[in-house]
Amino acid sequence: MATISPSTAEIVRQSGAVPGAEYLLEVANVRKAFPGVLALDDVSFRLKRGHVHALMGENGAGKSTLMKIIAGVYTPDSGSFKLKGQEIKLTSPLDALRYGIAMIHQELNLMNPMTVAENVWIRREPLNALGFVRHDEMRWRTQALFERLDIPIDPGVEVRDLSVANRQMIEIAKAVSYDSEVLIMDEPTSALTEREVEHLFKIIRTLKAQGKGIVYITHKMNELFEIADEVSVFRDGRFVGEHAAADVTRDDIIRLMLGREITQMFPKETVPIGDVALSVRNLSLAGRFRDISFDLRKGEILGFAGLVGSGRSNVAETLFGVTPATSGTIAIDGREIAIRNPGTAMDAGMAFLTEDRKESGCFLLLDVMANMQIALLRHGHARVGFVKEREIEALCQQQKARLRVRTPDLEEPVLNLSGGNQQKVLIARWLMTKPRILILDEPTRGIDVGAKAEIHKLISELAGQGVAVMMISSEMPEVLGMSDRILVMHEGRMTGIVDRKDANQVKIMELASQ
Amino acid sequence: MATDISTAAPTSELPSAGRRRLPPELSILGVMIGMMLLFEILGWIFVGQSFIMNPLRLKIMILQEAEIGIIAVGVTQAIIMGGIDLSSGSVVGMTAMIAASLAQTEGFTHAIYPNLTGLNPIFPVAAGLICGLMVGFINGWFIAYTKIPPFIATLGMMVSARGVADWYTNGQPIGNLEDSFAAIGAGWWPVIIFLAVAFIFHIALRYTRYGKFTYAIGANPLAARVSGINVERHIVLVYMMAGLLSGLSGIVHTARAISGQAGVGMGFELDAIAAAVIGGTSLSGGVGRLTGTVIGAVILGILTSGFTFLNVDAHYQEIIKGGVIIAAVVADQYRQRRRKGA
Chain A
493 MATISPSTAE IVRQSGAVPG AEYLLEVANV RKAFPGVLAL DDVSFRLKRG HVHALMGENG
553 AGKSTLMKII AGVYTPDSGS FKLKGQEIKL TSPLDALRYG IAMIHQELNL MNPMTVAENV
613 WIRREPLNAL GFVRHDEMRW RTQALFERLD IPIDPGVEVR DLSVANRQMI EIAKAVSYDS
673 EVLIMDEPTS ALTEREVEHL FKIIRTLKAQ GKGIVYITHK MNELFEIADE VSVFRDGRFV
733 GEHAAADVTR DDIIRLMLGR EITQMFPKET VPIGDVALSV RNLSLAGRFR DISFDLRKGE
793 ILGFAGLVGS GRSNVAETLF GVTPATSGTI AIDGREIAIR NPGTAMDAGM AFLTEDRKES
853 GCFLLLDVMA NMQIALLRHG HARVGFVKER EIEALCQQQK ARLRVRTPDL EEPVLNLSGG
913 NQQKVLIARW LMTKPRILIL DEPTRGIDVG AKAEIHKLIS ELAGQGVAVM MISSEMPEVL
973 GMSDRILVMH EGRMTGIVDR KDANQVKIME LASQ
Chain B
41 MATDISTAAP TSELPSAGRR RLPPELSILG VMIGMMLLFE ILGWIFVGQS FIMNPLRLKI
101 MILQEAEIGI IAVGVTQAII MGGIDLSSGS VVGMTAMIAA SLAQTEGFTH AIYPNLTGLN
161 PIFPVAAGLI CGLMVGFING WFIAYTKIPP FIATLGMMVS ARGVADWYTN GQPIGNLEDS
221 FAAIGAGWWP VIIFLAVAFI FHIALRYTRY GKFTYAIGAN PLAARVSGIN VERHIVLVYM
281 MAGLLSGLSG IVHTARAISG QAGVGMGFEL DAIAAAVIGG TSLSGGVGRL TGTVIGAVIL
341 GILTSGFTFL NVDAHYQEII KGGVIIAAVV ADQYRQRRRK GA
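Listed below in structure tokens is the structure:
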């Protein structure tokens, strides 16, 4: 396979010897195997200039592998790779960047203690004659770049002081600063609020108008229809189809992704609502939220809606004793209790699935069983400190079967499981403690459609068994579909509680931005 | 077991089911045996005698590593929990002095405490252990409640505890120790004590709540906290165990040397950390086993006695030992990358 340097490719293109290729990027018949796994099998993918091409598929379907091949992280075992009609071969991400292919990672790769400008121009700092960095030039260059993309961030601030959304914008600006023509975005909206998503989409449309091609990976169906021109669907390492986004429906995509129908996305069952299980009055945490009051009843699912940063997760953390309240009362089954730490909350029958799986949920290096049993150990299952292994293993096996956790066995490190299965392991951890009040913070974030439906079904079942559920979610359809009532927060205050029958997207958004 | 894997939506990412998991110590055990064989061959070539078939040498080799090994049992736990303990060598010196001062022979006129001579060995032993526990408590308290890095907390303690050891008798050694006390360090006792504590804590790490919490905190302290573990209290507890074991090592050393000297144990902390790391304990926490640490300690012992056996200069010994430690960590990094990779 003849390879040519990026500069040569550019000269050839400009000379007109190659007609302005319709496709920026053409990948054909790509195959990639890892030990024991065929990650991609004969996959083809084409990206048009000025188009957004969405990749969809369950976790493990191969879209990440394909994306990493395009970004030069992996080298394909076989297949062809053409950029603007020229056959090329990428050897590293840096190589890809030189060819004008930039990837914006889901886990942001910025250096937090450095300034925005330093981050954007890292490795390419403008230097003076003595080799010192010219900070002022770097600054105005950043300024100019941001203006072009309509990003209102001061290039002089340190990245650690910025929100996730702003960091995302910087990553995108950085990619653009390389004059990249192909931009790969891996679930760019997973940590963004609705308004921030709007801003991101505006930027994407600007980039489109400039003739750049964008590979867009997402789990969110509504984004697909809003921003994508084409969609390619993957399943089990195979390419299942490419369609114009305008020609397909949501159901089509789900069918393609799963190879089966999902009959009900939000299987909310009507269950009898019981007595008040959790009663919160004027709960406040200085600097985070204030005067939160609500009752949560047995069998009820109380949704928590609001923008990211509105204080929903802080309320959950305070209820569970991670950050004890500065004022207000919490009563469980009518009895007021002081929750000072997660232990007291657990003893009172609470369980808390945290928002960030990796940060505060999983013990990534430990095996599935160690991850599942850890909360249970507080509730006995030990004799003079010795853990009753066999008893606990049986319980873990039971949860594994019930939640259909896909793992070869309980000794597998949780690191090797997909996001959805890690989430199931964490849910199992809490179900084993037989909670009466279950707090879920973004229970289905970043997991695939199949696992999502299973988790929704499970939440419904639990409510049916009389568990009181508090569910924080940034996904509007999830909140609307699952909740009996929805509490909406804005900037640390609650702006209203809406009944299921009165709830709709507009109403919630109004309250959330009040 | 694999049959309940969902048939509805198979994924290609499913790791190959039912593959055999070999205990991670096997590779390090292989290294140990390989090293012994290497010294055996080199022995026949250069010295004309067997390395392995010499019980006396093996005994010396094992004995000199027993004290390091006892410390390593404690420091391994601190490392698994995501910490480190640099103070152990100094604690050996400190407990050596304190234990020795309470173990002097009856009627010895120049005793440190003339009124406290000829005591039952229980007393010096208890004093040494309590002293170790207290040091561990202070280490753990500062790490857990002031959130200073374990490296700094135990580095400070390393300096201070050595200071206490020197201050205790102004640097004078303490001799004339009771035979009943010296018996603790005689014969195979240090080795028996080492293997006993290694076994006890191996069981504790594998099968008790204490162990599960230790691994959990090392793997993810935040998640451990959210899972209802009293993280601060457990940190204090584990450092107390590390201190206790350092104290025990100091007692064994004093009993074996039949004298208390303020300078003993210098550098022990590093050898102990090296034993843990060679044995596969990851400095980033959450990973490690005491079986590995025991093998790691034996490997260090083989290196020292093997080179001495071959009449290799002591300076070269240190250079090569350093290289082995680094090689062990590189191998560990490589293993971790492979586990995460692909």
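For the record, the sequence lines run as chains A and B. When we follow this note's numbering, the leftmost residue of the first sequence carries the number 493, and every step to the right adds one. When we follow this note's numbering, the leftmost residue of the second sequence carries the number 41, and every step to the right adds one. Ideal Cβ placement from N, Cα and C applies to all residues, glycine included.
Coarse secondary structure for residue i, derived from DSSP in three states
{"i": "N210 of chain B", "result": "coil"}
{"i": "Y279 of chain B", "result": "helix"}
{"i": "W989 of chain A", "result": "A quick correction: the sequence has Ile, not Trp, at residue 989 of chain A. It is a strand residue."}
{"i": "S1005 of chain A", "result": "coil"}
{"i": "N908 of chain A", "result": "helix"}
{"i": "E903 of chain A", "result": "coil"}
{"i": "D653 of chain A", "result": "helix"}
{"i": "D728 of chain A", "result": "coil"}
{"i": "N863 of chain A", "result": "helix"}
{"i": "H873 of chain A", "result": "coil"}
{"i": "Y515 of chain A", "result": "strand"}
{"i": "G571 of chain A", "result": "strand"}
{"i": "V897 of chain A", "result": "coil"}
{"i": "M924 of chain A", "result": "coil"}
{"i": "A22 of chain B", "result": "Beyond the ends of chain B as shown, which are 41 and 382, falls residue 22 of chain B; an answer cannot be given."}
{"i": "T583 of chain A", "result": "coil"}
{"i": "V768 of chain A", "result": "strand"}
{"i": "R827 of chain A", "result": "strand"}
{"i": "H597 of chain A", "result": "coil"}
{"i": "Y374 of chain B", "result": "helix"}
{"i": "L217 of chain B", "result": "strand"}
Identity of the residue in the options nearest residue i by Cα
{"i": "T321 of chain B", "options": "B:L288, B:G363 and B:A259", "result": "B:A259"}
{"i": "A823 of chain A", "options": "A:A837, A:K993 and A:S536", "result": "A:A837"}
{"i": "V971 of chain A", "options": "A:V990, A:V906, A:L954 and A:E983", "result": "A:V990"}
{"i": "S299 of chain B", "options": "B:L195, B:A143 and B:F163", "result": "B:A143"}
{"i": "T936 of chain A", "options": "A:T762, A:F758 and A:E828", "result": "A:F758"}
{"i": "E881 of chain A", "options": "A:E851, A:R896 and A:Q865", "result": "A:Q865"}
{"i": "R329 of chain B", "options": "B:T254, B:Q357, B:Y185 and B:S141", "result": "B:T254"}
{"i": "Y591 of chain A", "options": "A:E686, A:G766, A:G938 and A:A667", "result": "A:A667"}
{"i": "H209 of chain B", "options": "B:L235, B:M137, B:A184 and B:F148", "result": "A small fix is needed here, since residue 209 of chain B is Thr in this sequence, not His. T209 of chain B has its Cα closest to that of B:M137, out of B:L235, B:M137, B:A184 and B:F148."}
{"i": "Q889 of chain A", "options": "A:G571, A:K916, A:S556 and A:H545", "result": "A:K916"}
{"i": "I695 of chain A", "options": "A:T710, A:I719 and A:E679", "result": "A:I719"}
{"i": "S289 of chain B", "options": "B:M101, B:G83 and B:G109", "result": "B:G109"}
{"i": "N996 of chain A", "options": "A:R849, A:V980, A:R985 and A:V519", "result": "A:V980"}
{"i": "E734 of chain A", "options": "A:H873, A:G958 and A:L539", "result": "A:L539"}
{"i": "V807 of chain A", "options": "A:E792, A:M630 and A:F844", "result": "A:F844"}
{"i": "L1003 of chain A", "options": "A:H948, A:E946, A:G798 and A:E953", "result": "A:G798"}
{"i": "E967 of chain A", "options": "A:D721, A:V879 and A:V689", "result": "A:V689"}
{"i": "H711 of chain A", "options": "A:I746, A:R687 and A:D728", "result": "A:I746"}
{"i": "M606 of chain A", "options": "A:M559, A:E514, A:D646 and A:D848", "result": "A:D646"}
{"i": "H873 of chain A", "options": "A:M842, A:M924, A:I919 and A:L858", "result": "A:M924"}
{"i": "L530 of chain A", "options": "A:D569, A:S655 and A:F537", "result": "A:D569"}
{"i": "G826 of chain A", "options": "A:A862, A:L770 and A:K790", "result": "A:L770"}
{"i": "I359 of chain B", "options": "B:T344, B:V370 and B:W181", "result": "B:T344"}
Cβ distance (whole Å) where residue i is taken to contact residue j below 8 Å
{"i": "L173 of chain B", "j": "E309 of chain B", "result": "17 Å between Cβ atoms; not a contact."}
{"i": "A563 of chain A", "j": "S672 of chain A", "result": "Rounded, the Cβ-Cβ distance is 11 Å, inconsistent with contact."}
{"i": "A282 of chain B", "j": "G176 of chain B", "result": "5 Å"}
{"i": "S130 of chain B", "j": "A193 of chain B", "result": "Contact flag wrong, Cβ pair sits at about 13 Å."}
{"i": "V723 of chain A", "j": "A546 of chain A", "result": "4 Å"}
{"i": "F726 of chain A", "j": "G549 of chain A", "result": "4 Å"}
{"i": "M986 of chain A", "j": "I831 of chain A", "result": "Contact doesn't hold; Cβ gap of about 19 Å is too wide."}
Which residue spans inside the segment 770–810 of chain A form an unbroken beta strand (DSSP E) run of at least 3?
-> 781–789 and 793–798
Is there contact between the segment 93–109 of chain B and the segment 246–260 of chain B, where contact requires at least three CB pairs shorter than 8 Å?
-> no
Complete runs of the beta strand (DSSP E) confined to the segment 666–742 of chain A [at least 3 residues] = The qualifying runs are 674–678, 705–709, 722–727 and 730–736.
Could I get the ranges of all uninterrupted alpha helix (DSSP H) runs contained in the segment 51–130 of chain B, with 4 residues as the minimum, in chain order?
-> 65–82 and 95–120
If you scan the segment 521–548 of chain A from start to end, which runs of the alpha helix (DSSP H) of 4 or more residues do you find wholly inside it?
-> none
If you pair each beta-carbon of the segment 870–884 of chain A with each one of the segment 936–950 of chain A, do three or more pairs fall below 8 Å?
-> no
Is the segment 88–102 of chain B touching the segment 238–253 of chain B in the sense that three or more CB pairs, one from each, lie closer than 8 Å?
-> no
Kindly confirm or deny that the segment 630–637 of chain A and the segment 646–666 of chain A touch, where touching means at least three C-beta pairs closer than 8 Å.
-> yes
Inspect the CB distances between the segment 264–271 of chain B and the segment 850–869 of chain A and report whether three or more fall short of 8 Å.
-> yes
Is the number of C-beta pairs between the segment 951–960 of chain A and the segment 697–705 of chain A that are closer than 8 Å three or more?
-> no
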